[in-house]
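Chains as they are written, first to last, in the numbering used here: chain A, 81 to 299; chain B, 7 to 194.
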Amino acid sequence: MKLRPFSSWSWLWAGAGLIAGGVVHVSTILALPLVAPNDAWVRLKSLVAENEMVVLPPTTAGQQPLRFMSSDLRYAVCRYRLAQADLRVRVELLHKAWSVSLYNRLGYNIYTVSGSELRRRNVEFVISRKRDNDVALLPLKDKEAQVAIRVTVPERVGLVVVRAPIIGEAYRGQADRAIKNASCALDAPKPKLRLPKPAEVRLLPGAVPLPERNPLRDF
Amino acid sequence: MIIFLAVSLVAGLGTAWYVLENGNELFVERRGPWVAWSADGRPDADPYTHAHLARSGQLAINATSARYHFAHTDGDGNSLDGDCEYRIVGRGPAGQWWTLSAYDLDGNLMSNPANRYALNQSNVMRDARGAYVINVSSRVQPGNWLPIANVHRFQLLLRVFRPPESESVVEGRGDPSELPEIRKIRCR
Numbered sequence: 081m082k083l084r085p086f087s088s089w090s091w092l093w094a095g096a097g098l099i100a101g102g103v104v105h106v107s108t109i110l111a112l113p114l115v116a117p118n119d120a121w122v123r124l125k126s127l128v129a130e131n132e133m134v135v136l137p138p139t140t141a142g143q144q145p146l147r148f149m150s151s152d153l154r155y156a157v158c159r160y161r162l163a164q165a166d167l168r169v170r171v172e173l174l175h176k177a178w179s180v181s182l183y184n185r186l187g188y189n190i191y192t193v194s195g196s197e198l199r200r201r202n203v204e205f206v207i208s209r210k211r212d213n214d215v216a217l218l219p220l221k222d223k224e225a226q227v228a229i230r231v232t233v234p235e236r237v238g239l240v241v242v243r244a245p246i247i248g249e250a251y252r253g254q255a256d257r258a259i260k261n262a263s264c265a266l267d268a269p270k271p272k273l274r275l276p277k278p279a280e281v282r283l284l285p286g287a288v289p290l291p292e293r294n295p296l297r298d299f
Numbered sequence: 007m008i009i010f011l012a013v014s015l016v017a018g019l020g021t022a023w024y025v026l027e028n029g030n031e032l033f034v035e036r037r038g039p040w041v042a043w044s045a046d047g048r049p050d051a052d053p054y055t056h057a058h059l060a061r062s063g064q065l066a067i068n069a070t071s072a073r074y075h076f077a078h079t080d081g082d083g084n085s086l087d088g089d090c091e092y093r094i095v096g097r098g099p100a101g102q103w104w105t106l107s108a109y110d111l112d113g114n115l116m117s118n119p120a121n122r123y124a125l126n127q128s129n130v131m132r133d134a135r136g137a138y139v140i141n142v143s144s145r146v147q148p149g150n151w152l153p154i155a156n157v158h159r160f161q162l163l164l165r166v167f168r169p170p171e172s173e174s175v176v177e178g179r180g181d182p183s184e185l186p187e188i189r190k191i192r193c194r
């Protein structure tokens, strides 16, 4: 059988295919994080209730809810869903290598702090939703700022993961107790700012009430 | 039209798969057989790192706090095979703490009769000079034994917490001798 040489049209199609291949390549790379099945937030759904810190069972070949988990680490996970209130996370970082990480829904590590970075064992986080007036919300009260670290997140849902490396078998019992004390809970909802009803507004002596018709607007 | 479709799919999907599987010097740092994605876990990472993370399904800590070194091959560049025995020789890596685990290609731990899945800085046995040898095999081994299953291919993951050289590694100035060597001993 004699092979037919490529016609000029075929070369043209192949060239166009290469250009389209570039588009396919870029689209595939950009789409993968959005279409990846069963992200960590979903995979942990059956094990971890929302806004609750759960210590995962020791990792073994049959007990591994996420890929690439280590049997040398204990994990505690909180699947959070922020509402009106902030989320408060309390952890004891027993060793310098222990860490607390915050992930968004796509599994990107928004924030991590390890025991070596803190001067204290007990650490408290206040996780709140990023709002337009974020700058005004950021400072905590002086007393609270001494104990809590505020992290603002752009998304409503995410994960808090505590990683506790087991630094030796003798250390395991102490590590188990410390990680079981980790907690994660929504604060009580903040009371909404109530504006006074018109009937409740009393004029101060000497004040002139505004006219019902605004002369600047209703001309 | 068939040529157009074939070329676009092969070129587009093939190159995407290749880059995610093997990495690229722009996004990964290679030290012998060990490969680490430089911006792993970071929300401001490049799209390739994000795609790699989504494909691997792991929850990574950012590279400054922990470093994930993956090995799919031995020191000679041959794929890690469950029918072979390997020797991991080294002193490091330097860092606050490290742990070495073996996984199948999907990132799952492999069941073994010893129920051992990792060796770490705290429990690895060293010689008088501080060096260690870890035997990776599906058969019982003396000394430091990291069991694997009889799978066609497997991978190793060396996690290093708080690597002291984070900044120098990102800048490509890391010392390759800090990571252990992977030597193939024999195959069945």
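We put the CB at the ideal spot given by N, CA and C, even for glycine.
A quick note: this is a predicted structure, and the numbers were derived from the prediction, not measured.
Residue i classed as buried or exposed, judged by whether at least 16 other C-beta atoms fall within 10 angstroms
i: Lys148(A); result: First, the amino acid is wrong: residue 148(A) is Phe here, not Lys. Buried.
i: Phe10(B); result: buried
i: Ser126(A); result: exposed
i: Ile191(B); result: exposed
i: Arg179(B); result: Unreliable positioning characterises Arg179(B) in this predicted model, as indicated by a pLDDT of 43, which lies under 50. The coordinate reading is nonetheless provided below. Per the 10 Å Cβ criterion, exposed.
i: Asp267(A); result: exposed
i: Trp89(A); result: exposed
i: Pro245(A); result: buried
i: Val166(B); result: buried
i: Ile247(A); result: buried
i: Glu173(B); result: Caution applies to Glu173(B), whose pLDDT of 45 falls short of 50 and renders its modelled position unreliable; the value that the coordinates give is listed next. With fewer than 16 Cβ atoms within 10 Å of its Cβ, Glu173(B) is classed as exposed.
i: Asn189(A); result: buried
i: Gln143(A); result: exposed
i: Gly18(B); result: buried
Rounded C-alpha distance that separates residue i from residue j
i: Leu167(A); j: Pro39(B); result: 42 Å
i: Arg36(B); j: Gly81(B); result: 12 Å
i: Phe86(A); j: Trp23(B); result: 28 Å
i: Ser151(A); j: Val16(B); result: 39 Å
i: Asp214(A); j: Val157(A); result: Low confidence applies to Asp214(A): its pLDDT is 48, below 50, so where it sits in the model is not reliable, and the reading given next is rough at best. Distance between the alpha carbons of Asp214(A) and Val157(A) is about 26 Å.
i: Thr108(A); j: Gly136(B); result: 46 Å
i: Val241(A); j: Glu132(A); result: 12 Å
i: Ser179(A); j: Tyr191(A); result: 10 Å
i: Arg236(A); j: Pro153(B); result: 42 Å
i: Cys193(B); j: Glu91(B); result: 6 Å
i: Ser144(B); j: Pro269(A); result: 55 Å
i: Gln254(A); j: Val169(A); result: 20 Å
i: Ser128(B); j: Glu184(B); result: 17 Å
i: His58(B); j: His105(A); result: 14 Å
Test: residue i CB closer than 7 Å to a CB of chain B
i: Ala228(A); result: no
i: Gly28(A); result: The structure shown has nothing for residue 28(A), since chain A only spans 81 to 299.
i: Asn261(A); result: no
i: Ser87(A); result: no
i: Ile207(A); result: no
i: Asn202(A); result: no
i: Gly97(A); result: yes
i: Leu174(A); result: no
i: Trp129(A); result: One detail in the question is off: residue 129(A) reads as Ala in this sequence, not Trp. Not an interface residue.
Any chain A beta carbon closer than 7 Å to residue i
i: Pro99(B); result: no
i: His56(B); result: yes
i: Gly63(B); result: yes
i: Ala120(B); result: no
i: Arg132(B); result: no
i: Glu173(B); result: Residue placement at Glu173(B) cannot be trusted, given a pLDDT of 45 that sits under 50; what the coordinates show is reported in the next sentence. Output row for Glu173(B): interface = no.
i: Arg145(B); result: no
i: Phe10(B); result: yes
i: Gly136(B); result: no
i: Leu185(B); result: no
i: Phe167(B); result: yes
Top-ranked residue by Cα proximity to residue i, from the options
i: Glu130(A); options: Ile246(A), Tyr160(A) and Leu182(A); result: Tyr160(A)
i: Trp325(A); options: Ile8(B), Asn28(B) and Leu162(B); result: With chain A covering 81 to 299 only, the question about residue 325(A) has no answer from this structure.
i: Ala228(A); options: Glu172(A), Arg252(A) and Asn184(A); result: Glu172(A)
i: Glu31(B); options: Leu162(B), Cys193(B), Ser44(B) and Leu106(B); result: Ser44(B)
i: Val139(B); options: Phe33(B), Val130(B) and Val146(B); result: Val130(B)
i: Leu110(A); options: Thr55(B), Asp112(B) and Asn28(B); result: Thr55(B)
i: Val231(A); options: Gly248(A), Ile247(A), Val203(A) and Gly253(A); result: Val203(A)
i: Ala124(B); options: Ala100(B), Val157(B), Asp89(B) and Gln161(B); result: Gln161(B)
i: Pro145(A); options: Arg252(A), Leu186(A), Ala120(A) and Gly195(A); result: Ala120(A)
* **Against chain A: residues of the region 14 to 41 of chain B by CB proximity under 9 Å** => Ser14, Leu15, Val16, Ala17, Gly18, Leu19, Gly20, Thr21, Ala22, Trp23, Val25 and Leu26
* To do: Below 8 Å between beta carbons is the criterion; list the residues of the region 133 to 161 of chain A that meet it against any residue of chain B, in chain order.
  => Thr139, Thr140, Ala141, Gly142, Gln144, Leu146, Arg147, Phe148, Met149, Ser150, Ser151, Asp152 and Leu153
* Asked: In the region 65 to 87 of chain B, which residues sit with their C-beta less than 7 Å from some C-beta in chain D, listed in chain order?
  -> The structure shown has no chain D; the protein chains it does contain are A and B.
* Could you run through the region 108 to 127 of chain A and flag, in chain order, every residue whose CB is less than 7 Å away from some CB of chain B? => Thr108, Ile109, Leu110, Leu112, Pro113, Ala116 and Ala120
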